[in-house]
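Asks:
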Amino acid sequence: MSCHFARTLLSATCLLLPLAAVAADVVPAEDFARHAPLTMPSLSPDGKHFAVNMNLADGDSHALVVYDVADMSKPISMLRLPKYELAVDISWVSNTRLVVEKGRQQGSIDKPVATGEVIATDIDGKHQDYLYGPESNYGTRAGTRGTDRGWGFVAGLPELANGNFFMTTYSWDNQDYSTLYDVDAGRNTRHLVGQIKVGGLSFMVGPDGKAHYAFGRNDNWDYVIYHSQGGNWTQMNPSQAGGTFTPLFFTPDRQRIYASQSVDGGPASLIEQDELGGNRKVLASDSFASIGIMEITPHPYRPFATTLATGIPQPNYVDPNAPIAKLHRALSLKFPGSYVHFVNFSEDGGKLLFSVSSDRDPGSYFLIDTRNYKVIKLFSAEPWIDPGKMAERRPLHFKARDGMELEAILTIPKGADLAKLPMVLMPHGGPIDVQDDWFYDGDAQFLANRGYLVLQVNYRGSSGRGVNFRDAGYRQWGTGIQQDLIDAVKWAIAENYADPQRVCVYGASFGGYSALMAPIRAPGMFKCAVGYAGIYDMGLRYKKGDTQESKAGRNALRIQMGDNPAELAANSPVNLAGKIDVPVFLIHGEDDQRAPFAHAKAMRAALEAAHKPYEWLSKPGEGHGFYDEKNNVELYTKLQAFLEKNIGPGVTTTH
């Protein structure tokens, strides 16, 4: 006993030595758990003010605040929103009035969900009015607006600010229609400018203020495009639309349109064409990736640069000699290693709000006077994050078992050699039409800061590569997608990036599902698995959760993951717990509506029945991902301890 105890103590002491070396350079978990204080800024038409979401001190409440650009010592107005609610869209309809789409924060994993309510406020916080939504209890038309039984969304703005905006609505009582209104945000009046007997579609509004296109997925989950002439809708055929097609806006001469188009299911290109599809011209395209970020000029709008949706974003200028392209290039040179994005201009183009961000920097916002080129910094998204202490994110390509080329993103511990590193595979959620990208990722940076190589994979089904690539992930939850993840780990090991004896998998939502399925599909490859807000019983998705509550949601489930009970059961971790050969850590919010808490409880019961080791962390009041900062600190702390216990401490890093 004494010899065994001595060996155990010696091993523990040796393990502590690299930990002590890492600890001197470690960034506190609290820094990765903190919420950004200001998000989603928008510049007023005259360039004198900007509106922004503010995260209030309690962490659960938000406000819309307005700052005077000339004096940012304190906001000039603040519109507090109910707990857990925030603005998901901020639109200036004049120099003194704003329109806000309300949303609700369901958890940290998903983006805030729009509630379908639209409100307006003056710049000084006065004349607050409820423009659309069933919860209306204030404003000039509270009595009548309370009868709005449906969802409202800002569909666009006139070319020049006039106090109005366009609003799309979907009625709860008649979900077979999509409707477009022109709304006077000051008088709170609206008049109909477009309607189509298909639910859930978006509209493209022309310079004449009328709906020219309606597009999107119908209740059957089919993507459809309609064109309107004189209010009469005609569904566009493939020769007109050319595969998938998303209209964007009209050209300055109002004779043609810009659009995103995927020909034969390949990556989406940026095109210019006649309104009905003739004289098509490709402005930007790539054989591997779709067009990603698009930079737009001030009014009259034109795309002047594009990036690809994969890899490190590099601007490709439509006309490199245009003054706007030269300005973007000059600003990019001032911020090497970062991407400069033009957020929005003042109406006369004299002021520009732009952001600067990178793989190591969550981003900062600046204002430039485009006449004298004077630049002022407005704010940093997460000022406590030091980019110099963050890790490089390196996009690379590899080939899966069937020869399909896939993108992997490695987050490499700062100062470490990319050789035989302890590694965490981190699958993204979705799985369909979601992707990981090069920009700052808090979870990946936390793990890299603790000395772990992080591997993320844009497996088949991910966005950014076109329709065919997306559709290749349909009904591949437990099969093809898992094999892509396994192939990525094999590649990282074969390239000597990862230590094959020190690999763990950690994922959230669908990534949580993958965290438990990957060890089942590849016995012996992983040493531990962490499932966070995961789906563990595929059949349960048809009975519980917010996705199955609508016809469109049920059809999305049917198409994306299948509905054969035997196949769902055969690909559900709850039914395969006996095959899990690694320690498991389950993390879940007890109020999760997307992946209900029942999934975690069922998985825990299955592990117990199979006599498998597991650890557990659940929190009441949390939704799809922990939002409370204290809970996130606990999550990170326990995640680190779990990794250290099962694959050892991370490598020593230098800053």
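Under mature numbering (1 follows the signal peptide of the UniProt record, and there is no 0), residues -23 to -1, 1 to 632 are what the sequence shown spells out, in order.
Where is the CB? At the ideal position from N, CA and C, for every residue including glycine.
Just so we're clear, the structure is a prediction, and the values are computed from it rather than from any experiment.
#1: Rounded to the nearest angstrom, what separates S335 and Y316 at their Cα positions?
#2: Which parts of the segment 75 to 153 are runs of the alpha helix (DSSP H), unbroken and 4 residues or longer, counting only runs that do not cross its ends?
#3: Flag this pair as yes or no: are the beta carbons of S54 and G102 separated by less than 7 Å?
#4: Under the assumption that G539 contacts R452 (Cβ atoms under 8 Å), give the Cβ distance between them as a whole number of angstroms.
#5: Look up E382 in the DSSP assignment and say whether it is helix, strand or coil.
#6: Let me check one thing: in DSSP terms, what residues is K596 bridge-paired to?
#7: Would you list the one or two residues that DSSP bridges to Q206?
#8: T283: which of F265, K303 and L260 sits nearest, CA to CA?
#9: Under a Cβ-count criterion, where at least 16 other Cβ atoms within 10 Å of its own Cβ denotes burial, should W69 be classed as buried or exposed?
#10: Could you pull out every unbroken alpha helix (DSSP H) segment of at least 4 residues lying fully inside the segment 504 to 541, listed in chain order?
#11: Are the beta-carbon atoms belonging to R437 and D461 less than 7 Å from one another?
#12: Taking one C-beta from the segment 388 to 400 and one from the segment 299 to 313 each time, how about it: are there three or more such pairs within less than 8 Å?
#13: Should Q478 go down as buried or exposed, given a rule of 16 or more other Cβ atoms within 10 Å for buried?
#14: By alpha-carbon positions, which one of G627, D605, G625 and N541 ends up nearest to R11?
#15: When we look at the beta-carbon of N473 and count the other beta-carbons within 10 Å, is it buried (16 or more) or exposed?
#16: Kindly give me the distance between the Cβ atoms of T146 and G127, rounded to whole angstroms, as I take these residues to be in contact under 8 Å.
#17: What does DSSP give as the partner residue(s) for residue 659 in the beta ladder?
#18: Taking a contact to mean a Cβ-Cβ separation below 7 Å, would you say L594 touches F603 in this structure?
#19: Compute the Euclidean distance between the alpha carbons of N162 and N209, then round it to the nearest angstrom.
#20: Helix, strand or coil: how does DSSP classify T223 here?
#21: From the DSSP output, in three-state form, read off M49 for me.
#22: According to DSSP, is I497 helix, strand or coil?
#23: In whole angstroms, give me the CA-to-CA distance for G522 and I86.
#24: Helix or strand or just coil, what does DSSP make of T614?
#25: Could you pull the start and end residues of the alpha helix (DSSP H) that V559 belongs to?
#26: Can you have a look at K607 and say buried or exposed, based on whether 16 or more other CB atoms are within 10 angstroms of its CB?
#27: Give me the Cα-Cα distance between R57 and L534, rounded to the nearest whole angstrom.
#28: Note the first and the last residue of the continuous beta strand (DSSP E) segment covering H168.
#29: Near Q105, which residues of its chain fall below 6 Å by C-beta distance, leaving aside the five closest residues on each side in sequence?
#30: Output yes or no for whether 7 Å exceeds the beta carbon distance between V551 and D514.
#31: If contact is defined by three or more beta carbon pairs under 8 Å, each pair taking one atom from either stretch, is the segment 442 to 451 in contact with the segment 399 to 411?
Replies: In brief:
#1: Taking the first residue of the sequence shown as position 1, residue 335 is located at position 358. Taking the first residue of the sequence shown as position 1, residue 316 is located at position 339. In a straight line, the C-alpha of S335 is about 6 Å away from that of Y316.
#2: Within the segment 75 to 153, the alpha helix (DSSP H) runs of at least 4 residues that lie entirely inside it are, in chain order, 119 to 122.
#3: By one-based count along the sequence shown, residue 54 stands at place 77. By one-based count along the sequence shown, residue 102 stands at place 125. Their beta carbons are under 7 Å apart, which means S54 touches G102 by this criterion.
#4: Here residue 539 corresponds to residue number 562 of the sequence shown, with the count starting at 1. Here residue 452 corresponds to residue number 475 of the sequence shown, with the count starting at 1. Their Cβ separation, rounded to whole angstroms, is 4 Å, which keeps G539 and R452 in contact under 8 Å.
#5: Along the sequence shown, read from residue 1 onward, the residue named residue 382 stands at position 405. If DSSP states are grouped into helix, strand and coil, E382 belongs with the strands.
#6: Along the sequence shown, read from residue 1 onward, the residue named residue 596 stands at position 619. Looking at the DSSP output, K596 shares a beta bridge with G566.
#7: Numbered from 1 along the sequence shown, position 229 holds the residue referred to as residue 206. In the DSSP output, where bridge partners are listed per residue, Q206 has N209.
#8: The residue labelled residue 283 in the question sits at position 306 within the sequence shown. Among F265, K303 and L260, the Cα nearest to that of T283 is on L260.
#9: Taking the first residue of the sequence shown as position 1, residue 69 is located at position 92. Around the beta carbon of W69, a 10 Å sphere encloses 16 or more other beta carbons of the protein chains shown; the residue is thus reported as buried.
#10: For the segment 504 to 541, whole alpha helix (DSSP H) runs of length 4 or above, ordered along the chain, are 528 to 538.
#11: Working through the sequence shown from its first residue, we reach residue 437 at position 460. Working through the sequence shown from its first residue, we reach residue 461 at position 484. Against a cut-off of 7 Å, the Cβ pair of D461 and R437 comes out as a contact.
#12: Three or more beta-carbon pairs separated by less than 8 Å are not found between the segment 388 to 400 and the segment 299 to 313, which leaves the two stretches without contact.
#13: Start at 1 with the first residue of the sequence shown, and residue 478 comes out as number 501. The residue is exposed, with fewer than 16 neighbouring Cβ atoms inside 10 Å.
#14: What you label residue 11 is simply residue 34 of the sequence shown in a count that begins at 1. Nearest option by C-alpha distance: D605.
#15: As a first step, residue 473 is located in the sequence shown; it is residue number 496 there, counting from the start. Under this definition N473 is an exposed residue.
#16: Locating residue 146 in the sequence shown gives position 169, counting from the first residue. Locating residue 127 in the sequence shown gives position 150, counting from the first residue. Rounded to the nearest angstrom, the Cβ distance from T146 to G127 is 5 Å, consistent with a contact under 8 Å.
#17: Absent from the structure is residue 659, since the part of the chain shown begins at -23 and ends at 632.
#18: The residue given as residue 594 occupies position 617 in the sequence shown. The residue given as residue 603 occupies position 626 in the sequence shown. In this structure, F603 does not lie closer than 7 Å to L594 by Cβ.
#19: Here residue 162 corresponds to residue number 185 of the sequence shown, with the count starting at 1. Here residue 209 corresponds to residue number 232 of the sequence shown, with the count starting at 1. According to the sequence provided, residue 162 is Ala. The question's Asn does not apply to it. Using only the alpha carbons, I get a separation of about 28 Å.
#20: Locating residue 223 in the sequence shown gives position 246, where the first residue counts as 1. DSSP places T223 in strand when its eight states are reduced to three.
#21: Sequence index remark: in the sequence shown, residue 49 carries index 72 (1-based). Correct three-state label for M49: coil.
#22: The count along the sequence shown starts at 1 and reaches residue 497 at position 520. In this structure, I497 counts as helix in the three-state DSSP scheme.
#23: Residue mapping note: residue 522 aligns to position 545 of the sequence shown, counting from 1. Residue mapping note: residue 86 aligns to position 109 of the sequence shown, counting from 1. In this structure, the alpha-carbon of G522 lies about 15 Å from that of I86.
#24: Sequence index remark: in the sequence shown, residue 614 carries index 637 (1-based). Residue state for T614 is assigned as helix, using DSSP reduced to three classes.
#25: Residue mapping note: residue 559 aligns to position 582 of the sequence shown, counting from 1. That residue, V559, is in no alpha helix (DSSP H); it is neither H nor E in DSSP.
#26: Here residue 607 refers to the residue found at position 630 when the sequence shown is read from its first residue. It is exposed - the Cβ of K607 has fewer than 16 other Cβ atoms within 10 Å.
#27: Translated into the one-based positions of the sequence shown, residue 57 becomes position 80. Translated into the one-based positions of the sequence shown, residue 534 becomes position 557. Cα to Cα, R57 sits roughly 37 Å from L534.
#28: To locate residue 168, count along the sequence shown from 1; it is residue 191. Boundaries of the beta strand (DSSP E) harbouring H168: T166 to I173, taken from the DSSP string.
#29: By 1-based counting over the sequence shown, the position of residue 105 is 128. Excluding sequence neighbours, Q105 sits near T98.
#30: For the purposes of this step, residue 551 is identified with residue 574 of the sequence shown, where counting begins at 1. For the purposes of this step, residue 514 is identified with residue 537 of the sequence shown, where counting begins at 1. Taking a C-beta distance under 7 Å as the contact criterion, V551 and D514 qualify as a contact pair.
#31: Cβ pair count under 8 Å is three or more, so yes.
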